[in-house]
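Right, one structure below, let's go through it.
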Amino acid sequence: MQLINISAAEMILYRLQALGVEFIFINSGTDYPPMVEAYSRLKSEGCLVPEFVVCPHENAAIGMAHGYYLATGKVQAVMVHTNVGLANAACGIINLANSNIPVIIFGGRTPISEHSHFGCRNTPIGYGQEMRDQAALVRESVKWDFELRYADQAGEHVDRAWAIANSLPKGPVYLSLPREPLCETFATDSAALNCRPSQQPISFSPAPDSLSMAATLIANARHPVIFSQRGARTRQAFDLISTFVEQWAIPVVEYWGTEVTISAAHPMYAGNEPAYWLSKADVVIVIDSQAPWMIESMNVNPDCKVIQIGPDPLFSRYPVRGYQSDVNLAGETDTIFKLLDNALKPYLAEKSASVEERYSHVAAHNKKRKNHKR
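Here this note's numbering runs 27 ahead of the position in the sequence shown, where the first position is 1.
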């Protein structure tokens, strides 16, 4: 064991680097001198740490972390300035939560002490920006929140934040950083700087019985349809769904879609209007959609079965969401469609004639719709 002295700010940078975070999108203030000093010192020593990206507003910082995850699948970090910065970031954090986007958000906190501690208050603004519970600004939208109290806990808090953000269903997490513990130094084993995470994210797959039930419903459906809003999320899921709907002749409706599920040029792409397909459906597959259609104006037929797919098929964060769910398949979209494909293989030969007939009808209808819109 090789003991070294390190500040909490330095430990945070080391752990973010070890966890694969490449950028810290930051709108800084009087709370972050320890972070700036740590970054400057470590960079001057040739250490690898995430790059700071200075942002003119917290909306931009959150938006960049959001977009970077969508483009790369990699979790990034955001640092905002005390309660005012967190308040500015709140709308973006709501978007992260509603879209299941994992981001590690740090909020500087006004120094707790008025004297005698390194990092104590040294400007009047430290009084006006104090709150009894700063995290309450975003608590309903984050999966986990805490406040750094002791410098030697910085590394384990960052690891925990990363693991919870990446656990299904994914989402943002928040850690408050008072200036005094950020400045504080402590002795640690040098191996702790770049070691593997102390906690791992949670993932899961659908229960075998639920997969079997879903496969039976899909194989025997005459008019199945998919409704999707958050889309495929990954290239692998995009390819899997594209092949799946081609193989089983299932139209895909993107009502209020926020991300792409399949190509708009795909013969099974059915646009964004739910009414026609919902009125005919005997089996509906909902992919990660908070509101796949509007119940007030239309709903499934009385004998229709609904399969809900996603990391949280019942959208348990939402107080009110009354969409029917006969079978829930919980997990990552790509994992679910791999398993569904395997579960449906035994039915493929038997159902080939009816699937071919359905394919011709769906493709022709979608082609007519596209031509009509031109």
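We put the CB at the ideal spot given by N, CA and C, even for glycine.
Might you give, ordered along the chain, the residues of its own chain that have their beta carbon closer than 8 Å to the beta carbon of residue i, omitting 5 neighbours on each side?
{"i": "Val-354", "result": "Ser-237, Met-240, Ala-241, Leu-244, Lys-332, Val-333, Ile-334, Gln-335"}
{"i": "Pro-224", "result": "Ala-45, Leu-46, Asp-186, Trp-189, Ala-190"}
{"i": "His-84", "result": "Asn-54, Asn-115"}
{"i": "Ala-104", "result": "Leu-43, Val-48, Phe-50, Ile-51, Phe-52, Pro-77, Ala-92, Val-130, Ile-131, Ile-132, Phe-133"}
What is the DSSP secondary structure of residue i, counted as helix, strand or coil?
{"i": "Phe-145", "result": "coil"}
{"i": "Ser-194", "result": "coil"}
{"i": "Ser-387", "result": "helix"}
{"i": "Pro-251", "result": "strand"}
{"i": "Gly-284", "result": "coil"}
{"i": "Ile-363", "result": "helix"}
{"i": "Glu-183", "result": "helix"}
{"i": "Phe-342", "result": "coil"}
{"i": "Gln-351", "result": "coil"}
{"i": "Ser-203", "result": "strand"}
{"i": "Gln-238", "result": "The sequence given here places Leu at residue 238; Gln does not occur at that position. Reduced to three states, the DSSP call for Leu-238 is helix."}
{"i": "Thr-212", "result": "strand"}
{"i": "Met-325", "result": "coil"}
{"i": "Ile-121", "result": "helix"}
{"i": "Glu-78", "result": "strand"}
{"i": "Gln-161", "result": "helix"}
{"i": "Pro-155", "result": "For the sequence presented, residue 155 should be read as Gly rather than Pro. Looking at Gly-155 - three-state DSSP - the assignment turns out to be helix."}
{"i": "Ile-312", "result": "strand"}
{"i": "Gly-337", "result": "strand"}
{"i": "Asn-393", "result": "helix"}
{"i": "Tyr-95", "result": "helix"}
{"i": "Ile-89", "result": "helix"}
{"i": "Gly-358", "result": "coil"}
{"i": "Tyr-177", "result": "coil"}
{"i": "Gly-73", "result": "coil"}
{"i": "Phe-231", "result": "coil"}
{"i": "Ala-114", "result": "helix"}
{"i": "Ala-104", "result": "strand"}
{"i": "Asn-398", "result": "helix"}
{"i": "Arg-166", "result": "helix"}
{"i": "Asp-172", "result": "strand"}
{"i": "Ile-139", "result": "coil"}
{"i": "Tyr-59", "result": "coil"}
Report buried or exposed for residue i, applying the criterion of at least 16 other Cβ atoms within 10 angstroms of its Cβ.
{"i": "Asp-186", "result": "buried"}
{"i": "Phe-145", "result": "exposed"}
{"i": "Tyr-154", "result": "exposed"}
{"i": "Ser-379", "result": "exposed"}
{"i": "Ser-269", "result": "buried"}
{"i": "Gln-29", "result": "exposed"}
{"i": "Ala-163", "result": "exposed"}
{"i": "Ser-387", "result": "exposed"}
{"i": "Asp-172", "result": "buried"}
{"i": "Gln-142", "result": "The identity of residue 142 in the sequence shown is His, whereas the question assumes Gln. By the 10 Å Cβ count, His-142 comes out exposed."}
{"i": "Glu-359", "result": "buried"}
{"i": "Asn-299", "result": "exposed"}
{"i": "His-399", "result": "exposed"}
{"i": "Pro-346", "result": "exposed"}
{"i": "Gln-227", "result": "exposed"}
{"i": "Ala-124", "result": "buried"}
{"i": "Arg-257", "result": "buried"}
{"i": "Val-252", "result": "buried"}
{"i": "Glu-37", "result": "buried"}
{"i": "Gly-90", "result": "buried"}
{"i": "Lys-197", "result": "buried"}
{"i": "Leu-13", "result": "A question about residue 13 goes unanswered here, because the residues of the chain that appear run from 28 up to 401."}
Return the chain-ordered list of same chain residues with a C-beta closer than 6 Å to the C-beta of residue i, the five sequence neighbours on each side being excluded.
{"i": "Ala-390", "result": "Pro-294"}
{"i": "Gly-135", "result": "Asp-58, Tyr-59, His-108, Thr-109, Leu-204"}
{"i": "Ala-178", "result": "Ala-35, Pro-208, Glu-211, Phe-213"}
{"i": "Gly-337", "result": "Asp-315"}
{"i": "Ser-230", "result": "Leu-195"}
{"i": "Arg-309", "result": "The question names Arg, but residue 309 in the sequence shown is Asp. If we look at Asp-309 and ignore the five residues flanking it on each side, its Cβ neighbours are Ala-248, Arg-249, His-250, Cys-331."}
{"i": "Leu-220", "result": "Tyr-41"}
{"i": "Leu-375", "result": "none"}
{"i": "Ile-120", "result": "Val-165, Ser-168, Pro-199"}
{"i": "Arg-348", "result": "Phe-342"}
{"i": "Arg-206", "result": "Asp-58, Pro-138, Gly-146"}
{"i": "Asn-32", "result": "Thr-212, Ala-214"}
Leaving aside the five residues before and after residue i along the sequence, list all residues of the same chain whose C-beta is less than 7 Å from its C-beta, in chain order.
{"i": "Ile-39", "result": "Ala-181, Val-185"}
{"i": "Ala-385", "result": "Before going further, note that residue 385 is Arg rather than Ala in the sequence given. So the list reads Ala-276, once near-sequence residues are dropped."}
{"i": "Gln-351", "result": "Val-327, Val-333"}
{"i": "Ala-297", "result": "Pro-278, Val-279, Val-280, Trp-304, Asn-393"}
{"i": "Ser-232", "result": "Gly-358, Thr-362, Leu-366"}
### Query
Within the chosen definition, does the region 202-215 reach the region 237-247 through at least 3 CB pairs nearer than 8 Å?
no
### Query
If we count Cβ pairs, one from each stretch, closer than 8 Å, do we get three or more for the region 62-76 versus the region 116-126?
no
### Message
With three or more beta-carbon pairs closer than 8 Å as the criterion, would you say the region 358-367 touches the region 251-264?
### Response
yes
### Query
Do the region 272-284 and the region 338-357 make contact, defined as three or more Cβ pairs closer than 8 Å?
no
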